[in-house]
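S.K.: Got a structure for you, questions after.
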Amino acid sequence: MPRILVVDDDEDIAQTTAMMLQAGGHEVETELSEKKAMAKIAAFKPDLIVLDVMFPDNSTAGFELAREIRARHKELPVIMVTSVNEHGTPKFGNKDRDPDWLPISEFVEKPVKKDKLLGLVRGLLAKKA
């Protein structure tokens, strides 16, 4: 069973996302603190991460965490899910995104529909396998 870590400071969103992923047959854990995320990754050893951008103490923490994840876990897929509009900042979009500045596998806007999220997860896990 694929393991997925959801990193989002909003507990309701983290739990809702976890329930969607669990319904898709995944083992899911959540982490509400970007500061504790790397330790959780080391302990849980996820196959994929769903990551928010903005955290209370740092509005760009998700970007910084994505770079840290990529530096330590080169093959770990990261889906960035955020309410920041992808059309407002070109670097956020999948097509125009600079992979060094934002090293993620996919970018989707909140609220994400269950079918879309599960489709992205399936695709990324299949590529990884």
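Per our numbering, the very first residue in the sequence shown carries number 1; after that it's consecutive. We treat Cβ as the ideally placed atom computed from N, Cα and C, and that holds for glycine. No experiment lies behind these values; they were computed from the predicted model shown.
(1) Apart from the five residues just before and just after residue 111, which ones in its own chain have a Cβ nearer than 7 Å to its Cβ?
(2) Residue 121 lies in the alpha helix (DSSP H); which residues open and close that run?
(3) So, helix, strand or coil for residue 60, using DSSP?
(4) Helix, strand or coil for residue 13 per DSSP?
(5) Suppose you measure from the CA of residue 45 to the CA of residue 59; what does that come to, to the nearest Å?
(6) So what's residue 80 in DSSP terms, helix, strand or just coil?
(7) Using only the alpha-carbon positions, how far apart do residue 1 and residue 56 sit?
(8) Thinking C-beta only, is residue 30 closer than 8 Å to residue 43?
(9) I'd like the list of long-range same chain contacts for residue 49, defined as Cβ closer than 6 Å, with 5 residues on each side in sequence excluded.
M.R.: The answer reads as follows:
(1) By 1-based counting over the sequence shown, the position of residue 111 is 111. Closer than 7 Å at Cβ, skipping near neighbours: no residue.
(2) Translated into positions along the sequence shown, residue 121 becomes position 121. Segment 114–128, the alpha helix (DSSP H) holding residue 121.
(3) Locating residue 60 in the sequence shown gives position 60, counting from the first residue. Of the three classes helix, strand and coil, the one that applies to residue 60 here is coil, per DSSP.
(4) Taking the sequence shown and counting its residues from 1, the one referred to as residue 13 is at position 13. Correct three-state label for residue 13: helix.
(5) Taking the sequence shown and counting its residues from 1, the one referred to as residue 45 is at position 45. Taking the sequence shown and counting its residues from 1, the one referred to as residue 59 is at position 59. Going by the C-alpha atoms only, they are around 26 Å apart.
(6) Position 80 of the sequence shown, counted from the start, is the residue given in the question as residue 80. The three-state secondary structure of residue 80, taken from DSSP, is strand.
(7) As a position in the sequence shown, residue 1 is number 1, starting the count at 1. As a position in the sequence shown, residue 56 is number 56, starting the count at 1. Computed Cα separation, rounded: 32 Å.
(8) For the purposes of this step, residue 43 is taken as the residue at position 43 of the sequence shown. For the purposes of this step, residue 30 is taken as the residue at position 30 of the sequence shown. No. Outside cutoff.
(9) One-based indexing of the sequence shown puts residue 49 at position 49. Cβ within range, chain order: 5 and 78.
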